[in-house]
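J.:
Number of protein chains: 2
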Amino acid sequence: MTPKYKVDHTGCPIAFAAEAFGDKWTLLILREVLLFKKKHFDELLSMREGIASNILASRLKGMEASGLLVKQEDPANGRRVIYSPTEKALDLLPACVELILWASKHDPETGVPADMLARIRRNRAKAIREMRAPFD
Amino acid sequence: MTPKYKVDHTGCPIAFAAEAFGDKWTLLILREVLLFKKKHFDELLSMREGIASNILASRLKGMEASGLLVKQEDPANGRRVIYSPTEKALDLLPACVELILWASKHDPETGVPADMLARIRRNRAKAIREMRAPFD
DNA sequence: CTGGATCCCAATAGATACTG
DNA sequence: CAGTATCTATTGGGATCCAG
Numbered sequence: 026m027t028p029k030y031k032v033d034h035t036g037c038p039i040a041f042a043a044e045a046f047g048d049k050w051t052l053l054i055l056r057e058v059l060l061f062k063k064k065h066f067d068e069l070l071s072m073r074e075g076i077a078s079n080i081l082a083s084r085l086k087g088m089e090a091s092g093l094l095v096k097q098e099d100p101a102n103g104r105r106v107i108y109s110p111t112e113k114a115l116d117l118l119p120a121c122v123e124l125i126l127w128a129s130k131h132d133p134e135t136g137v138p139a140d141m142l143a144r145i146r147r148n149r150a151k152a153i154r155e156m157r158a159p160f161d
Numbered sequence: 026m027t028p029k030y031k032v033d034h035t036g037c038p039i040a041f042a043a044e045a046f047g048d049k050w051t052l053l054i055l056r057e058v059l060l061f062k063k064k065h066f067d068e069l070l071s072m073r074e075g076i077a078s079n080i081l082a083s084r085l086k087g088m089e090a091s092g093l094l095v096k097q098e099d100p101a102n103g104r105r106v107i108y109s110p111t112e113k114a115l116d117l118l119p120a121c122v123e124l125i126l127w128a129s130k131h132d133p134e135t136g137v138p139a140d141m142l143a144r145i146r147r148n149r150a151k152a153i154r155e156m157r158a159p160f161d
């Protein structure tokens with residue numbers, strides 16, 4: 026089944042967030058979908074961190090249930106499934122951007138190019154709009 | 026032991042973030058510490074969501090190891106322990122703010138007062154500075 | 001072939017009781 | 001007050017299998 030988060034988030038936005046992606050994989054799947062524009066099961070399955078297919082399936086189901094992704098059939102190929110981010114997921118881009126800035130500051134190994142970081146910092150709203158654009 | 030995240034984050038800021046607080050409890054502990062200014066084990070133990078004491082202990086250990094918290098002894102009471110956020114944790118406030126805005130938009134149950142949200146949206150930097158102030 | 005489901009074992013989570 | 005110890009329940013994850 027889809028993972029159960031017994032935490033009751035009523036009233037708390039942070040708990041709501043923790044419930045939505047407070048696990049090791051959901052945030053990474055979101056990264057693949059939002060930032061790398063991945064759409065298909067097998068593309069997601071091949072992410073660098075190596076997710077197991079059963080876990081991916083269960084997370085995708087959970088993300089569908091929580092309204093972060095929608096599953097459709099590929100118009101170009103009836104046998105293919107497409108996962109796309111909902112508005113709710115796209116609205117996480119600002120938080121993702123802050124996480125990128127945070128990690129880039131505190132992790133010596135993050136390889137985000139300095140000029141990209143500078144551009145983001147100079148105009149966050151524009152950077153977010155550019156990230157969203159492919160989905161509009 | 027402290028939770029193991031086998032995900033290798035080298036080079037990816039989002040994976041780094043997922044490694045730091047990609048679990049159900051770490052983000053909630055961060056909320057208690059950063060937003061509600063909690064300092065002691067028993068205060069954290071009594072959070073609304075009901076964390077078990079062994080889990081809390083293990084998460085605190087992990088957060089210390091990942092440089093989000095520091096543990097000191099209370100100068101006013103040698104037997105008391107104080108957990109405080111590091112700079113690294115405080116630097117997560119911008120992301121937290123975005124999560125609060127996100128959740129408030131997408132969760133009908135979040136009870137953040139509308140005027141507070143409006144203030145945050147009007148001037149994020151100022152809101153973040155105000156949240157940080159007690160720790161400086 | 002793509003998108004999963006199943007099985008099975010290892011690892012983690014969690015409740016509760018206990019302790020320095 | 002700030003944790004451990006213990007024991008059980010859940011979940012994670014690799015390998016493999018199956019359906020469209």
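Those protein sequence lines, which keep their order, are chains A and B.
If you're matching positions, the first sequence starts at 26 in the working numbering and goes up one per residue.
If you're matching positions, the second sequence starts at 26 in the working numbering and goes up one per residue.
Note that beta-carbon positions come from the ideal geometry of N, C-alpha and C, so glycine has one too.
#1: Any beta carbon from chain A within less than 9 angstroms of B/V95's own beta carbon?
#2: What residues of chain B sit near A/V137, judged by a beta carbon separation below 8 angstroms?
#3: Where does B/P2 sit, in a helix, a strand or coil, going by DSSP?
#4: In angstroms, rounded to a whole number, what distance separates the CA positions of B/A152 and A/A90?
#5: Anyone know if the C-beta pair for B/G36 and A/E74 falls short of 9 angstroms?
#6: For A/S83, would you say it is in contact with chain B, using Cβ-to-Cβ distances shorter than 9 angstroms as the test?
#7: Please specify which runs of the alpha helix (DSSP H), each continuous and at least 4 residues long, are wholly inside the stretch 36-114 of chain B, giving them in chain order.
#8: On a Cα-Cα basis, can you pick out the residue from B/D140, B/K113, B/L115 and B/D116 that is closest to B/E126?
#9: My guess is that B/Q97 and B/S109 are in contact by the Cβ rule of under 8 angstroms, so how many angstroms apart are they, rounded?
#10: For the ligand NAP, any of its heavy atoms closer than 8 angstroms to the Cβ of A/W50?
#11: Going by beta carbon distance, what residues of the same chain come within less than 6 angstroms of B/M156, once the five residues before and after it are set aside?
#12: Could you check if B/V95 is buried or exposed, using at least 16 other CB atoms within 10 Å of its CB as the buried criterion?
#13: I need the straight-line Cα distance from A/D67 to A/A82, nearest angstrom please.
#14: Would you mind working out which of A/P38, A/I54 and A/A120 sits nearest A/I25, comparing C-alpha positions?
#15: How is the alpha helix (DSSP H) around B/H131 delimited, first residue to last?
#16: Following the continuous alpha helix (DSSP H) through A/A152, name the residue where it begins and the one where it ends.
#17: Quick one: measure Cβ to Cβ for A/L60 and B/A120, integer angstroms, because I've assumed they're closer than 8 angstroms.
T.: So, from the data block:
#1: The residue you call residue 95 of chain B lines up with position 70 of the second sequence. No, B/V95 does not count as interfacial toward chain A.
#2: Taking the first residue of the first sequence as position 1, residue 137 of chain A is located at position 112. Those are P38, listed as they occur along chain B.
#3: For chain B, the structure presents residues 26 to 161; residue 2 of chain B sits outside this window and is missing.
#4: As a working mapping, residue 152 of chain B is identified with position 127 in the second sequence. As a working mapping, residue 90 of chain A is identified with position 65 in the first sequence. Taking the straight line from one Cα to the other gives about 33 angstroms.
#5: Stepping through the second sequence from its first residue, residue 36 of chain B is reached at position 11. Stepping through the first sequence from its first residue, residue 74 of chain A is reached at position 49. In this structure, A/E74 does not lie closer than 9 angstroms to B/G36 by Cβ.
#6: Numbered from its first residue, the first sequence carries residue 83 of chain A at position 58. Not closer than 9 angstroms to any Cβ of chain B, the Cβ of A/S83 fails to qualify, so no.
#7: 38-46, 51-55, 66-70 and 78-90
#8: Counting from 1 along the second sequence, the entry for residue 126 of chain B is found at position 101. The sequence given here has Leu at residue 126 of chain B, not Glu. Closest by alpha carbon: B/D140.
#9: The residue given as residue 97 of chain B occupies position 72 in the second sequence. The residue given as residue 109 of chain B occupies position 84 in the second sequence. Correct: roughly 7 angstroms between the Cβ atoms.
#10: Only the bare structure without any ligand can be found here, which leaves the ligand NAP out of the picture.
#11: Here residue 156 of chain B is taken as the residue at index 131 of the second sequence, counted from 1. Here the set comprises L118.
#12: For the purposes of this step, residue 95 of chain B is taken as the residue at position 70 of the second sequence. With fewer than 16 Cβ atoms within 10 Å of its Cβ, B/V95 is classed as exposed.
#13: On the first sequence, position 42 is the one that residue 67 of chain A refers to. On the first sequence, position 57 is the one that residue 82 of chain A refers to. Between A/D67 and A/A82, the C-alpha separation is close to 11 angstroms.
#14: Absent from the model: residue 25 of chain A. The displayed extent of chain A is 26 to 161, so no value can be given.
#15: By 1-based counting over the second sequence, the position of residue 131 of chain B is 106. Here the alpha helix (DSSP H) through B/H131 covers L118 to H131.
#16: The sequence position of residue 152 of chain A within the first sequence is 127, counting from 1. Note, A/A152: alpha helix (DSSP H), R149 to R157.
#17: Residue numbering aside, residue 60 of chain A sits at position 35 when the first sequence is read from its first letter. Residue numbering aside, residue 120 of chain B sits at position 95 when the second sequence is read from its first letter. Incorrect: roughly 15 angstroms between the Cβ atoms, too far for contact.
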